[in-house]
Structures are given as C-alpha cells and as structure tokens.
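There are 2 protein chains.
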Amino acid sequence: MTTVKDVAELAGVSTATVSRVLNNSPRVAEDTRARVHQAIEQLNYRPNRLARHLRKLATQTVGVIIPDIQNHFFVSVVRGIEDIAFANHHVLLLCNTDDSPSREKTYIDILLAEEVAGVIICAADETISCKAVRALVDHQVPVVALDRELPDLSVDTVLTDNIEACRSATEYLITAGHKRIGLIAGPDYLAPGRERRQGYELALASYDLPLDPSIIKITDFTPEQARAAIKELLDERIPPTAVLVCSGLMTLEVFKQIQRRGLSIPDDIAVVGFDDTVMNHCLRSPFPLITQSTYDLGQFAAHLLFRRLADPTIPVQRIRLKTQLVFDPPP
Amino acid sequence: MTTVKDVAELAGVSTATVSRVLNNSPRVAEDTRARVHQAIEQLNYRPNRLARHLRKLATQTVGVIIPDIQNHFFVSVVRGIEDIAFANHHVLLLCNTDDSPSREKTYIDILLAEEVAGVIICAADETISCKAVRALVDHQVPVVALDRELPDLSVDTVLTDNIEACRSATEYLITAGHKRIGLIAGPDYLAPGRERRQGYELALASYDLPLDPSIIKITDFTPEQARAAIKELLDERIPPTAVLVCSGLMTLEVFKQIQRRGLSIPDDIAVVGFDDTVMNHCLRSPFPLITQSTYDLGQFAAHLLFRRLADPTIPVQRIRLKTQLVFDPPP
DNA sequence: TTGTAAGCGTTATCAT
DNA sequence: ATGATAACGCTTACAA
Numbered sequence: 001m002t003t004v005k006d007v008a009e010l011a012g013v014s015t016a017t018v019s020r021v022l023n024n025s026p027r028v029a030e031d032t033r034a035r036v037h038q039a040i041e042q043l044n045y046r047p048n049r050l051a052r053h054l055r056k057l058a059t060q061t062v063g064v065i066i067p068d069i070q071n072h073f074f075v076s077v078v079r080g081i082e083d084i085a086f087a088n089h090h091v092l093l094l095c096n097t098d099d100s101p102s103r104e105k106t107y108i109d110i111l112l113a114e115e116v117a118g119v120i121i122c123a124a125d126e127t128i129s130c131k132a133v134r135a136l137v138d139h140q141v142p143v144v145a146l147d148r149e150l151p152d153l154s155v156d157t158v159l160t161d162n163i164e165a166c167r168s169a170t171e172y173l174i175t176a177g178h179k180r181i182g183l184i185a186g187p188d189y190l191a192p193g194r195e196r197r198q199g200y201e202l203a204l205a206s207y208d209l210p211l212d213p214s215i216i217k218i219t220d221f222t223p224e225q226a227r228a229a230i231k232e233l234l235d236e237r238i239p240p241t242a243v244l245v246c247s248g249l250m251t252l253e254v255f256k257q258i259q260r261r262g263l264s265i266p267d268d269i270a271v272v273g274f275d276d277t278v279m280n281h282c283l284r285s286p287f288p289l290i291t292q293s294t295y296d297l298g299q300f301a302a303h304l305l306f307r308r309l310a311d312p313t314i315p316v317q318r319i320r321l322k323t324q325l326v327f328d329p330p331p
Numbered sequence: 332m333t334t335v336k337d338v339a340e341l342a343g344v345s346t347a348t349v350s351r352v353l354n355n356s357p358r359v360a361e362d363t364r365a366r367v368h369q370a371i372e373q374l375n376y377r378p379n380r381l382a383r384h385l386r387k388l389a390t391q392t393v394g395v396i397i398p399d400i401q402n403h404f405f406v407s408v409v410r411g412i413e414d415i416a417f418a419n420h421h422v423l424l425l426c427n428t429d430d431s432p433s434r435e436k437t438y439i440d441i442l443l444a445e446e447v448a449g450v451i452i453c454a455a456d457e458t459i460s461c462k463a464v465r466a467l468v469d470h471q472v473p474v475v476a477l478d479r480e481l482p483d484l485s486v487d488t489v490l491t492d493n494i495e496a497c498r499s500a501t502e503y504l505i506t507a508g509h510k511r512i513g514l515i516a517g518p519d520y521l522a523p524g525r526e527r528r529q530g531y532e533l534a535l536a537s538y539d540l541p542l543d544p545s546i547i548k549i550t551d552f553t554p555e556q557a558r559a560a561i562k563e564l565l566d567e568r569i570p571p572t573a574v575l576v577c578s579g580l581m582t583l584e585v586f587k588q589i590q591r592r593g594l595s596i597p598d599d600i601a602v603v604g605f606d607d608t609v610m611n612h613c614l615r616s617p618f619p620l621i622t623q624s625t626y627d628l629g630q631f632a633a634h635l636l637f638r639r640l641a642d643p644t645i646p647v648q649r650i651r652l653k654t655q656l657v658f659d660p661p662p
C-alpha cells in the first residue's frame, strides 16, 4: 500500500506538502504541486479514506436506513439518494431493518461507530425509533427523516402529502357515487398510516358520510394483513362498494384477492390503490393509483442532508411531496 | 465522544486492558473484565470503527457493485448479501454503476481507499471491468463475481446456469411445434448475454433447425433496444412464431409491445421470458418465465466472500445456480 | 512556501 | 494479568 510518505519521498517534499496538495491548499507553489501530482500518478496513489476520516473525525459516508429494499417503494428512494451522494463524493451504507426496532438500533450503533457524515432514515416505529435516533442527534450526526416522522426530534423531514392524497382519492370515489367506502390503512405509529386514514376521514366528513369503524381496517402494511383485511371487507353483511388501499404492497395483494374471488373492478367493487409498484407497468390498471415520485423523495432527502452538512445552522426543514392520482399507466 | 481512554479511567485500568476486553482476549482477569464492561455500559461506549479498522488495516465493510438497484433483478441480490453480511457484523457499501465502466472505476477506487474487506461485483463490462477490478485483487481484496464473469481474474464466481436455462426453454418451444424462433439476447461481453444465446443455438442444433441470424437480436439488455428488437422481429417478412427474451426488463417491454400491436400470446406469437420481475405477480402470466432465485444468488456470493475472508487459501470457487421454467405465477 | 511534529482512537508489542 | 508505548495513514498547528 502506497502512502503519503512514499509520495513525499518520490516528490522530494514532506508529507505535509503532499497533504496540502491533496486538499487543494492554496499555500503551495505551482511547481511543487506539479511534482507531487506526478508522483501521485506514478505511484497510483489513493489517499486512505479511513486515516483521513479518522484524523478529521468526519467521513464521507451516508447511512441509509430503510425497512426493506425488496419493497419496491424504497428502490428508487435509495437510487435517488445515491445519485446525490455520489455527486458529493459520498458513499452509501445500506441498512435494512425489516421494520424491527432492534435491528434498527443495531445499525444505528454501527453507523455511529462508523462516524457516518449523516443518516437518512425511514423509521421502523416513529415512537420507538426516536430513542435510538436520538443517539445520532446527540452526537451531532445530521439526520433526515424520510416518509416517516421522528416526532420527538427536531430533524429535517421529507414526507408525502398523505392527507391530501387520500382526501382527494376518497373524494374521487364519493363523487363517483360511492357511499360506503372501505379503508385498508397502516398503523397509527407511522405517518403514512395515520395521515392517510385522516385524509379518508376528512373526505367522508366533508360529504356528510358516516364513519363506519367496521370497514376501516388498520394493518401493519404487510400483504398478509392486507389479505385478511380485504377478506373481512368483502365478507361484510353489507360490503363496501369501494375500497381505498393505502400502500403499494397491499394494493397488489388486494388486487390479487379480488381477482381470485372472481369479482370485477370496478363493477363489484371499486378500488383506489397506492404506488405504481407493479401492475401499472404491465397492464392498463383497472383502477386509479395514488403515485409518488420515490426517486425525488430520495433526492430531496439527500439534498436536505448535504445542505445541512454544508451549514448546520440553517433552520430545520420540512418538505411535503405532492402525489398524483393516476388513471392510466405510462406507455 | 467517549473513547477507550474514558473507559480505562473509569474502570481504573489501562487502555490496553480495555482493548483486550473489547477483543475478548483470554488474558484478562474476570473481575477486571467485569469492571471494564460496567464502565462501558455506564458510559455507553462504542468503539470507533474507523480507528479500529485503521489500526488493524482491515474493515468490516463489503462493497457491492451492481449496475442498478432499480433493475428488479438486483433488489433481492442485494438483500441476500446484506443478510449474510449483517450476520457477520459487516456493513454494505452500495454502488450503482449504470453499467458505466468509468463510474465503476470511480467506485472501485473509493472502495480501495475505504479499505473494504471485500467486494461483490456484477461487472459493467466483463473485459473492461477486469482492468479496474485487478487493482482490488492486487491489493489482496477478495472479490466475488456475481452473475457476470471476470474472465482474466481468478476470483470466486457465482453465475446462473444460463446455457442450460435457454437450451431447455428453446427446446420447450421446439417441442411445442415452433420451427422459427426469434431470440432477443444480450451482448457478448456479458455471460448472461453470451451464454443464453449459446443455449438457444445448442437447442436449435440438436433439433437440426436452421440458425437464422436475422431473427437473432443482440441488445444491451435495455428495454429500449428490446423494443426495437421485437419490432424488427414482428416486421420480418416471415415473422418468427415464437421468441425467447433473455432478461426480465426486456421481457416486460416485449410483452407491452406485443400487447400494443393487438397480438395475442401464444396464438400470434409464443413467448418465453426471463425473471418474475413484474407481470408474474399481478396476472396469470400468459407465457412461461425462466426464473432465478436472486436472493440465493446474493447469499451464495456473500457466503463465498466470507469463506474466503476466513481462509484466503481455499481454491477459487465457481458456482452455477439452476433456473426454473415457471408456467404459473405464485398464488 | 515548506517542514516538523503532534494527534485522531484503536490495537499490538514488549515489558513487568 | 496488566501497563507503557509505538504505530496505523493522514491532517494541521506551529515553526522556520
């Protein structure tokens, strides 16, 4: 392994000078700079990031904590983050939690020990996660909350406009004539669960429709619970004539189950789902989808992070990304 | 930031002893060990990974270089790798190359500078990539080639059984009565391109069917080129009655284009595609798919890496994973 | 403009 | 069994 020392020797200067060249210090003569650069070339020298970061007590590494990259939702999020990080000469540490607070905690401890420059996190559980994430904040590690909040913490946050998305989607169903609309939502301890339900309730209220708890199903966002939920809805004594499904993974499952029962959409039951995860790409979807630009979500989060890295004093930012109600898949 | 020094002070021992406890050295009295552990607890001390790794000149970081996480194929690959890495207390650096050798090179330089413990790579270009990857090998960084080969390098490799997969798929089409079978394959500089074409040719040969270059389309695996390819095939003076499409992304695109033309599968044209990326999940696929367990692919690669990390002397391994020809989607 | 030297937090060697 | 101390590769005061 070649080190600054080797370069210094070959260039006939001290290691300090090499370091200055490496860090583009202005206080170095042009010809020395040239000689050093030549030595670097010749030896194919790459400064050791570990050593550099240890010395500076600052890395060029960003921790990305998400539930599961296998959830289509996070794929482009991660890519969006990576592209911004790459442009800033930073590198991504990918951490999948499976929504387990304990695995999340383990990863946070590792990221802390790795002295990451910052962390972008989609928390496993908004209340529980705060405790672990606080350790990052206490150690001055910038944190960006993505898609889910960190309520006790004052950190930059980028969210989807959940309430308005579901309010308008529900309104769409209501104006289409539906009076009994089922909801398959997520847990209250996650913003996308809580707020999407709120949007739904808001719409019902503004049209003076009754809120029937028996057709509001709160799940943990998994397909398994979505399957149980849609089953229960369809088995109601008076089944809903429409249903709003509040995540991509669940929408797919609901679609499958409805198909399996031989029911038709929207004649037997109307559906509005979330995210163009799957079916949107391979068939003209038989129902509208609330879509979010997940790539943008990632990019925004990364932008917030690097902005804060550049200037830690700016006020905490909070961004809401708009959604779209899409009736037809892309060509 | 609490350091060994703080712990040592609180426990009333030297930093060396703390380090011994941290590294489970047997040469430390039980009561001192207890005192140190208590101090660690009390201070909530986490050993700095950077410092540790710099000192040991060995990290617990694995570089994962793939073309694009947005390609569904790599999603579970990465997750498979992560799960094994996590179990081994290692962490993942995710690098997307977009199949660009230059971006790949940049990432390899970074990984080298980060002193990663090992690298799992799906090369952008088997010939070009070798040059950059050789730097890793030269620096004794274990490398595992995934899905694509590193021909000039003697490294552990995990591949799909491409030839047999496409031979049997083509055979299936032949025994179904097809005599004029089109092929949409990948480039020769990638194993999945090259070998899948070989399997196709093998099958034709063994049934004494002619090889018609005009219905063999070599693409770069992108949907764009797949679209052009299927268009050309369908516009042939005598169009093929069947087509074998050699990647998941391309299969989806071909499916769309056939649909758009109002043609029906398999009556107008029979299709065999790759990977259960999309349509398999939302509708009973109208045609069979060659599927690979990408999660296993990732796990195997990671296993190879950690095996070599544990014992660098074992002979280079080469694994071929079997595929399945799937006619019906999972329930 | 350049060099010397200390130090980032850890571990390994050598004493004791 | 434990403690001093040097070293990993780099950056940055402080001198010169």
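Just so you know, the protein sequences line up as chains L and V, in that order. If you read the first sequence in this note's numbering, its first letter stands for residue 1, the second for the next number, and so on. If you read the second sequence in this note's numbering, its first letter stands for residue 332, the second for the next number, and so on. Beta carbons are placed, not taken as given, at the ideal position from N, Cα and C, and that holds for glycine. Model, not experiment: these values are computed from the prediction.
Three-state secondary structure assigned by DSSP to residue i
{"i": "D156 (chain L)", "result": "strand"}
{"i": "A229 (chain L)", "result": "helix"}
{"i": "G193 (chain L)", "result": "helix"}
{"i": "N355 (chain V)", "result": "coil"}
{"i": "G12 (chain L)", "result": "coil"}
{"i": "V7 (chain L)", "result": "helix"}
{"i": "G298 (chain L)", "result": "helix"}
{"i": "I258 (chain L)", "result": "helix"}
{"i": "N427 (chain V)", "result": "strand"}
{"i": "V91 (chain L)", "result": "strand"}
{"i": "G394 (chain V)", "result": "strand"}
Distance CB(residue i)-CB(residue j) smaller than 9 Å
{"i": "L490 (chain V)", "j": "R651 (chain V)", "result": "yes"}
{"i": "L353 (chain V)", "j": "V395 (chain V)", "result": "no"}
{"i": "T553 (chain V)", "j": "L580 (chain V)", "result": "yes"}
{"i": "A191 (chain L)", "j": "C246 (chain L)", "result": "no"}
{"i": "P619 (chain V)", "j": "V657 (chain V)", "result": "yes"}
{"i": "E435 (chain V)", "j": "S460 (chain V)", "result": "yes"}
{"i": "N24 (chain L)", "j": "R410 (chain V)", "result": "no"}
{"i": "A58 (chain L)", "j": "E115 (chain L)", "result": "yes"}
{"i": "Q38 (chain L)", "j": "A11 (chain L)", "result": "yes"}
{"i": "A444 (chain V)", "j": "P47 (chain L)", "result": "yes"}
{"i": "N589 (chain V)", "j": "F605 (chain V)", "result": "What sits at residue 589 (chain V) in the sequence shown is Ile, not Asn. No, they are not a contact pair."}
{"i": "I238 (chain L)", "j": "P187 (chain L)", "result": "no"}
Nearest-angstrom Cβ-Cβ length linking residue i and residue j, presumed shorter than 8 Å
{"i": "I546 (chain V)", "j": "R511 (chain V)", "result": "7 Å"}
{"i": "V272 (chain L)", "j": "L244 (chain L)", "result": "5 Å"}
{"i": "G530 (chain V)", "j": "E495 (chain V)", "result": "6 Å"}
{"i": "A270 (chain L)", "j": "H178 (chain L)", "result": "6 Å"}
{"i": "V474 (chain V)", "j": "G449 (chain V)", "result": "7 Å"}
{"i": "I81 (chain L)", "j": "L92 (chain L)", "result": "7 Å"}
{"i": "L297 (chain L)", "j": "L385 (chain V)", "result": "Contact flag wrong, Cβ pair sits at about 35 Å."}
{"i": "L305 (chain L)", "j": "V13 (chain L)", "result": "L305 (chain L) to V13 (chain L), Cβ: 37 Å. No contact."}
{"i": "L477 (chain V)", "j": "I505 (chain V)", "result": "Actually they do not touch by this definition, with Cβ atoms about 31 Å apart."}
{"i": "D156 (chain L)", "j": "K322 (chain L)", "result": "Not really, about 18 Å apart at Cβ, beyond 8 Å."}
{"i": "L150 (chain L)", "j": "V133 (chain L)", "result": "6 Å"}
Residue environment, residue i, which counts as buried when at least 16 other CB atoms sit within 10 Å
{"i": "Q299 (chain L)", "result": "buried"}
{"i": "P240 (chain L)", "result": "buried"}
{"i": "Y503 (chain V)", "result": "buried"}
{"i": "K304 (chain V)", "result": "Nothing in the structure corresponds to residue 304 (chain V), since chain V is present only between 332 and 662."}
{"i": "R527 (chain V)", "result": "buried"}
{"i": "Y538 (chain V)", "result": "exposed"}
{"i": "V647 (chain V)", "result": "exposed"}
{"i": "R358 (chain V)", "result": "exposed"}
{"i": "A29 (chain L)", "result": "exposed"}
{"i": "R52 (chain L)", "result": "buried"}
{"i": "Q60 (chain L)", "result": "buried"}
{"i": "I49 (chain L)", "result": "Per the sequence shown, the amino acid found at residue 49 (chain L) is Arg instead of Ile. Answer is buried; the Cβ neighbour count reaches 16."}
{"i": "I314 (chain L)", "result": "exposed"}
{"i": "P643 (chain V)", "result": "exposed"}
{"i": "A226 (chain L)", "result": "buried"}
{"i": "H634 (chain V)", "result": "buried"}
Practice task
Decide yes or no for the touch test of the stretch 56-73 of chain L against the stretch 451-458 of chain V: beta carbon pairs closer than 8 Å, at least 3 of them.
Solution key: no
Exercise for the section: Please determine if the stretch 527-535 of chain V and the stretch 494-503 of chain V are in contact, where contact requires at least 3 C-beta pairs separated by less than 8 Å. Expected result: yes
Practice task
Kindly confirm or deny that the stretch 338-351 of chain V and the stretch 365-376 of chain V touch, where touching means at least three C-beta pairs closer than 8 Å.
Solution key: yes
Problem - contact_flag[the stretch 462-469 of chain V, the stretch 403-418 of chain V] where n(CB pairs < 8 Å) is 3 or more - result: no
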